[in-house]
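Asker: One gets the numbering used here by counting positions in the sequence shown from 1 and adding 8 to each. Note that the Cβ used here is the ideal one computed from N, Cα and C, for glycine as well.
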Amino acid sequence: MWQCPLCQQPLQLTEKFWHCENNHTFDKAKSGYMNLLPVQSKNSKQPGDDKLMLAARREFHSTGGYAPLMAELAEQIRKETSHKAAISLFEAGCGEGAYIRYLRRALSTEFSSLTTAANDIAKVGVERAAKADKESQYIVASSYHLPVLSESVDIVLEVFAPGSHTEYARILAPDGKLITVDPGPEHLFELKQHIYENPQKHDSSVNESVAFTMTSQAQVCFSVDLQEDRRRSGLLGMTPLYWKLQPEKRERLSATLKQVTADFVIRTWCKTS
Ligand SMILES: C[S@@+](CC[C@H](N)C(=O)[O-])C[C@H]1O[C@@H](n2cnc3c(N)ncnc32)[C@H](O)[C@@H]1O
Ligand SMILES: [Zn+2]
């Protein structure tokens with residue numbers, strides 16, 4: 009499934025190393041992930057989300073805060089792949105891996121073969137993801153230059169993460185599907201009301217894609233109860249807005265916010281022929 013990020017030839021695994029025919033080698037970290045991000049593609053020393061936000065996301069997801077979204081994603085994937093016995097699922101920008109980990113568990117008994125893999129540009133996220141899930145493959149890589157073989161994936165999933173539709177189209181099999189998740193208009197509106205004088209709803213209009221044609225769109229909207237401390241601190245900590253506040257404002261928010269609306273738009277896309 010992997011290709012060399014330097015010369016785009018397939019990577020083979022021999023003992024501890026992955027290598028291409030041009031002898032570019034990549035080793036597996038102890039926790040099981042591979043770093044396939046060429047040094048020259050790093051724009052900063054620690055690209056992507058930082059440790060605090062990743063830890064908060066893990067904490068929030070461990071409480072099942074977005075369980076209805078995850079269940080709906082599993083359902084969409086079932087629908088899109090019902091005619092297949094074996095599928096390969098790839099998540100772009102997986103963070104600490106909550107979605108791909110959930111999907112691996114939810115779908116593992118439904119296919120004769122299920123390959124799950126994911127990337128993120130943040131090494132700390134990929135490391136956490138790999139430690140928590142030994143059955144999926146995790147790589148440090150940019151979603152704008154994926155070291156994934158062309159036409160080797162059935163489903164690409166992208167949840168609240170940046171990436172290149174051209175790259176997703178390249179790695180997807182001809183009948184493969186891209187599933188994207190973006191915030192819906194009401195997403196975290198109560199949180200915004202606490203922060204802004206004139207909070208605005210999310211603009212959930214769709215961006216045109218040259219490489220893909222949208223085939224379906226579904227909205228998943230539900231209330232998230234924040235009475236449980238871990239869930240509340242997790243949700244606040246994984247939200248970039250929260251970190252922009254003064255410490256006293258953060259404390260006040262944490263003491264008063266008891267519920268938020270989660271609102272998502274799930275879109276399915278097929279490759280434009
Ligand atoms: C809002 S988070 C979403 C993470 C995860 N999908 C989730 O919903 O829990 C966005 C993620 O995209 C990652 N990211 C940012 N730029 C990226 C890039 N160029 N390639 C891959 N991942 C990137 C960040 O490190 C972060 O983990
Ligand atoms: Zn190479």
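Following the continuous alpha helix (DSSP H) through Trp251, name the residue where it begins and the one where it ends.
Answerer: Within the sequence shown, the letter at position 243 stands for residue 251. Residues 248-251.
Asker: Name the DSSP bridge partner or partners of Ile179?
Answerer: Sequence index remark: in the sequence shown, residue 179 carries index 171 (1-based). None, per the DSSP bridge assignment.
Asker: So if I measure from each beta-carbon to every heavy atom of ligand 2 and keep distances below 7 Å, which residues remain?
Answerer: Per the CB criterion, closer than 7 Å to any heavy atom of ligand 2, the qualifying residues run in chain order as Cys12, Leu14, Cys15, Gln17, Cys28, Asn30, His32.
Asker: Below 8 Å CB to CB, which residues in the same chain sit around Asn30 once its five sequence neighbours on both sides are set aside?
Answerer: For the purposes of this step, residue 30 is taken as residue 22 along the sequence shown, with counting starting at 1. Closer than 8 Å at Cβ, skipping near neighbours: Cys12, Leu14, Cys15, Gln17.
Asker: Using a threshold of 7 Å, is the CB atom of Asp128 nearer than that to any non-hydrogen atom of ligand 1?
Answerer: On the sequence shown, residue 128 is found 120 positions in, with the first residue counted as 1. Yes, the beta carbon of Asp128 sits closer than 7 Å to at least one heavy atom of ligand 1.
Asker: Nearest by alpha-carbon distance to Gln227: which of Arg238, Tyr204, Ser212, Val148 is it?
Answerer: As a first step, residue 227 is located in the sequence shown; it is residue number 219 there, counting from the start. Among Arg238, Tyr204, Ser212, Val148, the Cα nearest to that of Gln227 belongs to Ser212.
Asker: Let me check you understand the geometry: is the CB of Gly101 closer than 7 Å to at least one non-hydrogen atom of ligand 4?
Answerer: For the structure depicted, ligand 4 is absent and the ligand set comprises only ligand 1 and ligand 2.
Asker: Grouping DSSP H, G and I as helix and E and B as strand, with all else coil, what is Ala1?
Answerer: With the chain covering 9 to 281 only, the question about residue 1 has no answer from this structure.
Asker: For Phe168, I'd like the list of residues in its chain whose CB is within less than 6 Å of its CB, leaving aside the five on either flank, ordered along the chain.
Answerer: Here residue 168 refers to the residue found at position 160 when the sequence shown is read from its first residue. Annotation for Phe168: no residue places its beta carbon closer than 6 Å to its own, counting only its chain and skipping 5 residues before and after.
Asker: Relative to the alpha-carbon of Gly40, which residue among Glu83, Leu199, Gly133 has its alpha-carbon at the smallest distance?
Answerer: Taking the first residue of the sequence shown as position 1, residue 40 is located at position 32. The shortest C-alpha separation from Gly40 is found at Gly133.
Asker: Nearer than 7 Å: is that true of the beta carbon of Phe34 relative to any heavy atom of ligand 1?
Answerer: Residue 34 sits at position 26 when you count from the first residue of the sequence shown. Answer for Phe34: no, Cβ out of range of ligand 1.
Asker: Tell me whether Phe168 sits in a helix, a strand or coil according to DSSP, three-state version.
Answerer: As a position in the sequence shown, residue 168 is number 160, starting the count at 1. Coil, per DSSP.
Asker: Measuring straight from C-alpha to C-alpha, what distance separates Arg240 and Asp141?
Answerer: Position 232 of the sequence shown, counted from the start, is the residue given in the question as residue 240. Position 133 of the sequence shown, counted from the start, is the residue given in the question as residue 141. The alpha-carbon atoms of Arg240 and Asp141 are separated by roughly 25 Å.
Asker: Would you decide whether Ser120 is buried or exposed? Buried here means 16 or more other CB atoms lie within 10 Å of its CB.
Answerer: Taking the first residue of the sequence shown as position 1, residue 120 is located at position 112. Counting Cβ neighbours within 10 Å, Ser120 comes out exposed, since fewer than 16 surround it.
Asker: Which same chain residues, not among the five before or five after Ala94, have their C-beta less than 7 Å away from its C-beta?
Answerer: Walking along the sequence shown from the start, residue 94 turns up at place 86. Correct list, in chain order: Phe119, Ser120, Ser121.
Asker: Is Thr89 buried or exposed, if buried means 16 or more other CB atoms sit within 10 Å of its CB?
Answerer: Counting from one through the sequence shown, the residue named residue 89 turns up at place 81. Classification for Thr89: buried.
Asker: If you count every other CB in all the chains shown that lies within 10 Å of the CB of Leu60, and 16 or more means buried, which is it?
Answerer: Position 52 of the sequence shown, counted from the start, is the residue given in the question as residue 60. It is exposed - the Cβ of Leu60 has fewer than 16 other Cβ atoms within 10 Å.
Asker: Going by the beta-carbon positions, is the gap between Asn43 and Val156 smaller than 8 Å?
Answerer: On the sequence shown, position 35 is the one that residue 43 refers to. On the sequence shown, position 148 is the one that residue 156 refers to. No, the Cβ-Cβ distance between Asn43 and Val156 is not below 8 Å.
Asker: Does the Cβ of Tyr107 lie closer than 7 Å to at least one heavy atom of ligand 1?
Answerer: Taking the sequence shown and counting its residues from 1, one reaches residue 107 at position 99. Yes; taking the cut-off as 7 Å, the Cβ of Tyr107 has a heavy atom of ligand 1 nearer than that.
Asker: Pull up the distance between the alpha-carbon of Gln267 and that of Ala130, whole angstroms please.
Answerer: As a first step, residue 267 is located in the sequence shown; it is residue number 259 there, counting from the start. As a first step, residue 130 is located in the sequence shown; it is residue number 122 there, counting from the start. Whole-angstrom Cα-Cα distance: 30 Å.
Asker: Please state whether DSSP places His289 in a helix, a strand or coil.
Answerer: For the chain, the structure presents residues 9 to 281; residue 289 sits outside this window and is missing.
Asker: Short of 6 Å in beta carbon distance, which residues of its chain neighbour Thr123, apart from the five on each side in sequence? Order them along the chain.
Answerer: What you label residue 123 is simply residue 115 of the sequence shown in a count that begins at 1. Hits under 6 Å: Ser96.
Asker: Using the DSSP secondary-structure output, state which residues sit across from Pro2 in a beta bridge.
Answerer: For residue 2 there is no data in the structure shown, the boundaries of the chain being 9 and 281.
Asker: Does ligand 1 have a heavy atom nearer than 7 Å to the CB of Ser151?
Answerer: Counting from 1 along the sequence shown, the entry for residue 151 is found at position 143. Result yes, Cβ under 7 Å from ligand 1.
Asker: Exposed or buried, which one is Asn215 when buried takes at least 16 other CB atoms within 10 Å?
Answerer: To locate residue 215, count along the sequence shown from 1; it is residue 207. Under this definition Asn215 is an exposed residue.
Asker: According to DSSP, is Pro191 helix, strand or coil?
Answerer: Along the sequence shown, read from residue 1 onward, the residue named residue 191 stands at position 183. If DSSP states are grouped into helix, strand and coil, Pro191 belongs with the strands.
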